[in-house]
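Colleague: So for the sequence shown, UniProt numbering puts the first residue at 1; every next one is plus one.
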Amino acid sequence: MNPTPIDTTALAELGASDRPFRPEECADRARRAAAFVDTAALDRSGPGSYLLLWRNDNSEAWLNTWWESRDTGYHDHQGSCVGVHVIEGAAWQEGLPVGGPRRAHRYGPGESFSFPGSGVHRMDHDAGAVTIHVYSPPIEAIGHYEIVDGELHRTAGPPDEGSPASPRLLDALNSIGR
């Protein structure tokens, strides 16, 4: 991705804070950050990419392009809350249900949402989606969830890599109530 469509000075100011953000503040910062991104100038080749917009002691923000559809699988942010703003396309978000039906919510252009740092969730991005994610505090690790030998397992992953899909966990959730 060519960094020229991004106003990094304005974004650093937007992310400045003397304390971590609450989830709804992350969503607000993600929405406001969208004004500093020229989506017409984005490189739309390849499957998509992640571009760090800012990182400081209390938050970090990422511009994510999803030129191909992408399921993040169920994951946690090891205590960091998140706010997401959809600039283009659509993204689905759902928490990990226990003892109830799945509740996936679709977000389209101009919509934002937040998720607490204590939660486990997955996102499914339609091809062509462009999103901004603000995490607070910055992510130190991502926990990935999947069914292994019939049991739910968490595997820690680095903060700057995409999380893998959770196909066996999705199959198990989809089979409940059949």
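The C-beta atom is built at its ideal place from N, Cα and C for all residues, glycine as well. Quick caveat: nothing in here was measured; it's all calculated off a predicted structure.
Ignore the nearest five residues each way along the sequence and tell me which others in S114's own chain have a CB closer than 7 Å to its CB.
Modeller: P23, E24, C26, A27, C81, V82 and G83
Colleague: If I follow the unbroken alpha helix (DSSP H) through R33, where does it start and stop?
Modeller: Arg is not the amino acid found at residue 33; the sequence shown has Ala there. First-last of the alpha helix (DSSP H) with A33: P23 to A33.
Colleague: Out of curiosity, what's the CA-to-CA distance linking G150 and V37?
Modeller: 44 Å
Colleague: DSSP state of L14, grouped into three classes?
Modeller: Helix at L14.
Colleague: Roughly how far, in whole angstroms, is the beta-carbon of G15 from the beta-carbon of S59, given that I think they are within contact range, below 8 Å?
Modeller: 5 Å
Colleague: Just checking, does the region 94 to 109 make contact with the region 53 to 69 on the three C-beta pairs under 8 Å criterion?
Modeller: The answer is no - the region 53 to 69 does not touch the region 94 to 109, with fewer than three Cβ pairs under 8 Å.
Colleague: Identify, in the order they occur along the chain, each residue of the same chain with its Cβ nearer than 6 Å to the Cβ of T72, setting aside the five sequence neighbours on each side.
Modeller: For T72, where only same-chain residues beyond five positions count, the Cβ hits under 6 Å are R122, M123 and S163.
Colleague: Any chance the region 38 to 45 sits against the region 139 to 159, with 3 or more Cβ pairs inside 8 Å?
Modeller: no
Colleague: For S166, is the classification buried or exposed, using 16 other Cβ atoms within 10 angstroms of its Cβ as the cut-off for buried?
Modeller: buried
Colleague: What's the C-alpha gap between R106 and V130?
Modeller: 14 Å
Colleague: Closer than 6 Å by C-beta to G79: which residues in its own chain qualify, once you throw out the five before and the five after it? Chain order, please.
Modeller: Listed in chain order, the non-local C-beta contacts of G79 below 6 Å within the same chain comprise G117, local neighbours out to five positions each way being set aside.
Colleague: Does the distance from the C-beta atom of R103 to that of E111 stay below 8 Å?
Modeller: No, these two residues do not count as a Cβ contact at 8 Å.
Colleague: Taking the alpha helix (DSSP H) that S49 belongs to, which residues open and close that run?
Modeller: Not the alpha helix (DSSP H): S49 falls in the beta strand (DSSP E), residues G48 to R55.
Colleague: Which partner residues does Y74 have in the DSSP bridge list?
Modeller: Under the DSSP definition of a beta bridge, Y74 lacks any partner.
Colleague: Which residue comes first and which comes last in the alpha helix (DSSP H) that contains S118?
Modeller: Careful: S118 lies outside any alpha helix (DSSP H) and carries neither H nor E.
Colleague: In chain order, what residues of the same chain have a beta carbon less than 7 Å from the beta carbon of A90, not counting five sequence neighbours either side?
Modeller: R106, Y107, G108, D126 and A129
Colleague: What's the C-alpha gap between R31 and V86?
Modeller: 8 Å
Colleague: So, for R154: in the same chain, excluding its five sequence neighbours on each side, which residues have a beta-carbon less than 8 Å away from its beta-carbon?
Modeller: D76, G143, H144 and Y145
Colleague: Quick one: residues in its chain with C-beta nearer than 8 Å to the C-beta of R29, no 5 flanking neighbours on either side, listed in chain order?
Modeller: Taking C-beta separations shorter than 8 Å and ignoring five residues to either side along the sequence, the partners of R29 in its chain run L14, G15, F21, S59, A61, G83 and V134, following chain order.
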